[in-house]
Structures are given as structure tokens and as C-alpha cells.
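Read the structure below first, then the notes.
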Amino acid sequence: MPRCHAGPVADAVQAGWSIDLPGEYCRRCGLSIGPSSATERGCSRCLEQRCAWDGIVRLTSYRAPMTTWITAMKFRRQWSWAEWLGDRLAERIDVCDNATIVCPVPMHWRRRLARGYNQSALIADTIARRKGIQSAALLRRRRFSPPQTRTTATDRRLNARGAFAVGAVDLSGWTVWLVDDVKTTGATLSACCSHLRQAGAGRIHVAVAAVADPGG
Ligand SMILES: [Zn+2]
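So my numbering is basically just the index in the sequence shown, starting at one, shifted up by 277.
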């Protein structure tokens with residue numbers, strides 16, 4: 278573990294924090310669930326509203342101390358958190374063979390220029406390195422939009438519509454791990470999945486550090 282994470286993580290573990298076990302969240306939509314409340318096809322929520330992806334791996338819900346670590350990674354230039362989060366996600370990813378590729382949710386070039394890096398790409402690169410597979414920027418963001426944290430759920434859906442494009446790639450026969458730091462409404466991930474499916478992707482799995490529960 279990089280030294281800068283040793284203190285915060287050790288403190289959080291001492292205070293009772295831990296990475297979620299697979300049974301603590303729905304492996305389809307990623308939302309927190311009670312014991313034994315998910316079926317093979319997902320929980321009651323995602324049976325009503327089908328996810329655009331086939332499965333999800335998360336570390337925790339979007340709550341402290343993960344919120345603090347993600348904020349530090351995104352806004353305080355502590356990008357080494359991306360490596361720590363990517364390592365933890367890689368430990369939980371089992372669907373992986375030589376027809377599997379990792380793809381980050383893209384950031385608009387204006388934001389990347391201002392921030393200096395795309396934290397989702399850093400997480401994706403770490404996962405790919407640990408799993409011995411490729412990470413590729415298959416998607417690009419066409420439109421600059423306000424930070425999703427400052428928008429409503431409806432705005433997020435509208436912002437995501439038409440915001441992405443996929444390059445000239447043929448993903449037939451490929452499994453894609455789509456990587457982001459946080460899943461909020463899922464609108465961004467759904468829009469990305471739609472483009473990856475258009476390019477021929479067979480199975481799409483999502484890996485995120487945290488998932489925001491409704492009303493959480
Ligand atoms: Zn679900």
C-alpha cells in the first residue's frame with residue numbers, strides 16, 4: 278500500500294470500515310441490499326429497470342471515508358488513490374481472459390486539461406496492469422457538461438444523452454470492463470454501454486470504487 282494511504286485506511290479499518298462483501302450489494306445494479314434479497318438476475322430494483330451492463334463490482338457505497346478519499350483523488354491531486362482503488366478492484370475481478378479489455382469512462386479534454394488526469398483512466402490502467410490485460414480509451418466525451426454531482430437525476434440523464442462517442446473499433450467477441458470512480462444514477466454508464474454495444478461488445482461489466490444509494 279502506498280505510504281500516503283496507510284494512515285487513513287488503517288484509521289478507517291480501526292473504526293470498523295471494510296470493503297463490502299459481494300452479498301452486501303446487488304451484483305447487477307450495484308445498490309446496497311439486505312441479506313439474501315438478490316436473485317441471479319438482480320435485486321427487486323433492477324428487475325423493474327434493466328441495467329445496460331451485465332454485472333458490477335464495487336468497493337463500498339458512496340459514504341465516508343470513501344467520499345473523502347475520492348474527493349482527495351479528484352480535487353486535491355492525490356491521484357495515487359486511483360492506484361490503491363484500482364488494486365482493490367482488481368482483487369475482486371474474476372471475469373478476465375485474453376478477450377477482455379478495460380475501458381475507462383472518458384473525461385472531456387477541457388476537464389482533463391484543468392485537472393491534469395482522468396482518475397477513472399488511472400483506476401482502469403491499474404486494473405489492467407494487475408490483471409495482465411489491455412486498457413484502452415475506447416470512448417470519448419463529445420460534450421463538456423457540468424459536474425454530475427451538482428446536477429439532478431433528470432439533468433444527469435439529459436447530460437449523458439449524446440455526450441459520448443466510440444472510436445472505429447470492432448469489439449465483437451470482446452468482454453469489456455467499464456471503469457469509473459463513482460456510479461450515481463447510472464446514466465453515464467448506461468450511455469457508455471450503449472456505444473460499446475454498438476461497437477459489438479458482448480458482455481460488459483462495470484467496476485466502480487463506490488455506488489451512491491438512492492437517498493444515501
Ligand atoms: Zn439490483
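Glycine included, C-beta positions come from ideal geometry on N, C-alpha and C. Quantities reported herein were computed from a predicted structural model and do not represent experimental measurements.
Query: What does the Cβ neighbour count give for TRP358, buried or exposed, with the cut at 16 atoms within 10 Å?; Result: buried
Query: Which value, in whole angstroms, describes the spacing of the CA atoms of ASP490 and SER309?; Result: 7 angstroms
Query: Run through the segment 283-356 for me and flag every whole alpha helix (DSSP H) of 4 or more residues, listed as ranges in chain order.; Result: 321-325 and 343-352
Query: Can you pull every residue whose C-beta falls closer than 6 angstroms to some heavy atom of ligand 1, listed in chain order?; Result: CYS303, ARG305, CYS306, LEU308, GLY319, CYS320, ARG322 and CYS323
Query: Measure the CB-CB distance between ILE333 and TYR339 and report whether it falls below 9 angstroms.; Result: no
Query: Helix, strand or coil, according to DSSP, for THR452 in the structure here?; Result: strand
Query: Take every Cβ of the segment 385-397, pair it with every Cβ of the segment 460-467, and state whether three or more of those distances are shorter than 8 angstroms.; Result: no
Query: So, are the CB atoms of GLY479 and LEU448 less than 9 angstroms apart?; Result: yes
Query: Under DSSP, the alpha helix (DSSP H) around ARG417 begins and ends at which residues?; Result: Run containing ARG417: none in the alpha helix (DSSP H); it sits in the beta strand (DSSP E), 416-418.
Query: With DSSP collapsed to three states, give me the class of CYS469.; Result: helix
Query: My output table needs one value for ILE481: the three-state DSSP class, helix, strand or coil.; Result: strand
Query: In terms of alpha-carbon separation, which member of ASP458, VAL453, LEU415 and ARG420 lies closest to ALA445?; Result: LEU415
Query: Thinking C-alpha only, which one of GLY284, ARG304, GLU317 and ARG327 is nearest THR337?; Result: ARG304
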